[in-house]
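So the mapping is simple: our numbering equals the position in the sequence shown, first residue as 1, plus 228. A quick write-up on the structure given underneath.
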Amino acid sequence: MKNSILLQALTMISVATVSAFAPIRSNSVTRQTTIPTSIFHPSPSTTIFTRSATFTSTTIRSQSDDNEKDGLFTNLSINPIYAAPYLVFLIVATYMSINEAPGASQSIIEKFIADPLHPNSGSALFEVVFNTLGLIGLPMACLIMPGAKNQKFSPTPFLFGSAAAGYGSLGLFMMTRKPVVRVDTEELGFFTKNVLENKIFNWVLFFALANTYIITGAGEGLITNAGAIFQDFQQVLSQSALGLVSTLDLTILCLTGASLVPEDLERRGVDDKGKAYAIAASTLLVPAVGLALYSALRPSLDSDGD
229 MKNSILLQAL TMISVATVSA FAPIRSNSVT RQTTIPTSIF HPSPSTTIFT RSATFTSTTI
289 RSQSDDNEKD GLFTNLSINP IYAAPYLVFL IVATYMSINE APGASQSIIE KFIADPLHPN
349 SGSALFEVVF NTLGLIGLPM ACLIMPGAKN QKFSPTPFLF GSAAAGYGSL GLFMMTRKPV
409 VRVDTEELGF FTKNVLENKI FNWVLFFALA NTYIITGAGE GLITNAGAIF QDFQQVLSQS
469 ALGLVSTLDL TILCLTGASL VPEDLERRGV DDKGKAYAIA ASTLLVPAVG LALYSALRPS
529 LDSDGD
């Protein structure tokens with residue numbers, strides 16, 4: 229009996245050992261691991277998020293490209309016609325300031341501060357020049373502001389700056405300005421449309437500039453004794469940097485204004501180039517006053533810009 233039980237035990241151990249090392253047959257049951265399909269097939273919410281992120285990234289990149297394309301100094305071109313006078317102005321101003329007699333310009337400035345209308349500077353004509361520089365930005369604005377739209381820079385701060393710095397301020401705008409010959413009055417700014425294009429304002433500006441010749445006595449002096457007027461003027465120019473630089477500044481500004489007249493007339497329907505250039509030249513006969521008179525007499529802008 230004991231031998232029979234021992235024999236059965238040995239047989240079971242042998243079968244278990246052989247089964248453990250035997251190869252697995254093809255019809256045996258294998259264990260499979262199921263991988264969630266959501267890993268390879270995103271859910272609708274995941275797809276929406278991915279597309280949204282992609283769209284946002286594309287939009288930001290597009291905006292970045294547009295900013296680079298339309299940057300402040302992108303495609304910036306310099307017009308040498310207005311850049312050259314600016315360089316001349318800076319060079320002359322620097323040279324004269326370095327080489328003038330100590331305190332020469334300062335003494336003139338103090339006289340104007342004490343009495344702007346009758347500073348007793350030694351030259352009535354120079355007093356006209358100095359006072360005119362503070363007002364010439366207005367007739368210049370009458371020529372520049374109708375074509376201000378789509379310019380690289382806004383002309384407004386440069387025009388304000390011209391009251392103190394003259395072409396040193398306005399020249400920075402002029403050398404980047406593009407001609408504009410078609411304007412719709414509906415697109416003009418409030419100040420341009422209601423003030424700069426207003427004939428009453430234009431005539432007031434003309435009389436204000438013409439009055440500088442009267443209150444200084446330069447107008448009467450040019451009629452009765454022009455030689456003495458120009459002699460006094462020449463003396464101020466030779467003795468102070470302020471005298472020469474201010475005169476050069478006003479000259480450049482008046483030439484700049486005259487150069488804008490043909491374009492302004494074309495905006496107003498005047499296509500005769502010869503007539504336009506003749507009118508432009510006539511504004512130089514009386515500096516600054518000529519520009520103001522032109523603004524008062526020029527045709528009005530049509531609503532369709534023709």
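Just so you know, even glycine gets a beta-carbon here, dropped at the ideal spot from N, CA and C. Please read all numbers here as calculations on a predicted model, not as lab measurements.
Could you tell me the alpha carbon to alpha carbon distance between residue i and residue j, rounded to whole angstroms?
| i | j | result |
| --- | --- | --- |
| Phe434 | Ala352 | 19 Å |
| Leu416 | Leu315 | 32 Å |
| Phe461 | Asp500 | 38 Å |
| Leu519 | Ile364 | 9 Å |
| Val357 | Asn426 | 26 Å |
| Val320 | Val473 | 7 Å |
| Ala329 | Ala312 | 28 Å |
| Gln463 | Ala469 | 12 Å |
| Thr404 | Asp492 | 17 Å |
| Ala524 | Leu387 | 19 Å |
| Ala342 | Asn348 | 10 Å |
| Leu529 | Phe458 | 40 Å |
| Phe224 | Ile443 | What is shown of the chain runs 229 to 534, which leaves residue 224 out entirely. |
For residue i, which three-state DSSP category applies?
| i | result |
| --- | --- |
| Glu494 | helix |
| Gln379 | coil |
| Pro527 | coil |
| Met403 | coil |
| Val464 | helix |
| Gly581 | Because the chain spans 229 through 534 in this model, residue 581 falls outside it and cannot be assessed. |
| Ala329 | coil |
| Ile306 | coil |
| Val423 | helix |
| Pro313 | helix |
Count the other CB atoms, across all protein chains shown, that sit within 10 Å of the CB of residue i; report buried if there are 16 or more and exposed otherwise.
| i | result |
| --- | --- |
| Gly502 | exposed |
| Gly447 | buried |
| Arg495 | buried |
| Phe419 | exposed |
| Pro490 | buried |
| Pro308 | exposed |
Look at the Cβ atom of residue i, then the Cβ atom of residue j, and state whether they are nearer than 8 Å.
| i | j | result |
| --- | --- | --- |
| Ala376 | Pro383 | yes |
| Ala486 | Leu512 | yes |
Could you round the C-beta distance between residue i and residue j to whole angstroms and report it? I think they count as a contact, below 8 Å.
| i | j | result |
| --- | --- | --- |
| Ala516 | Pro344 | Their Cβ separation, rounded to whole angstroms, is 17 Å, which puts Ala516 and Pro344 out of contact at 8 Å. |
| Phe317 | Ile480 | 6 Å |
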